[in-house]
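Enquirer:
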Amino acid sequence: MNVNPPRDRTSALVISLVLGLVQAAYQQMGKLKNEMTGKVETHLDAARITIDTIAALEERTRGNRSDEESQVMERALAELRLNYVDEVKKQASAGSGAAAPEQAAPASDPGA
483 MNVNPPRDRT
493 SALVISLVLG
503 LVQAAYQQMG
513 KLKNEMTGKV
523 ETHLDAARIT
533 IDTIAALEER
543 TRGNRSDEES
553 QVMERALAEL
563 RLNYVDEVKK
573 QASAGSGAAA
583 PEQAAPASDP
593 GA
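When we follow this note's numbering, the leftmost residue of the sequence shown carries the number 483, and every step to the right adds one.
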């Protein structure tokens, strides 16, 4: 994500938290290698929880974020939700035999 540098330390910490959650979600979707195991693993239920966590953070901090923080959260959620739906479709079409997570996309803000 190409974002202007944050203005203060608190803003930098919020952005760092969100980007850490984004990285975790991509890892859980099997888009990044798990650094602990050295393997690419898919855990869509965990990815959904991580995406929903970012959405909750976005909702609870609305009106109290910098423009940079808002931009990072909105872009992250949009990209993660699209990737999540893509991975759920891939898993469903592969018929992996494993229990598929709920087919709906992660929670989205009805007011957006």
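Note that CB positions come from ideal geometry on N, CA and C, so glycine has one too.
1. Just curious, the alpha helix (DSSP H) that K571 is in, first and last residue?
2. Output the distance between the C-alpha atoms of A576 and V496, rounded to the nearest integer angstrom.
3. By the three-class DSSP mapping on this structure, what secondary structure does R542 have?
4. Closest by CA to A506, which one among S493, A558 and Q573?
5. Compare the beta carbon distance of E541 and S493 with 8 Å and say whether it is the shorter of the two.
Expert: According to the structure shown:
1. D549 to A576
2. 37 Å
3. helix
4. A558
5. no
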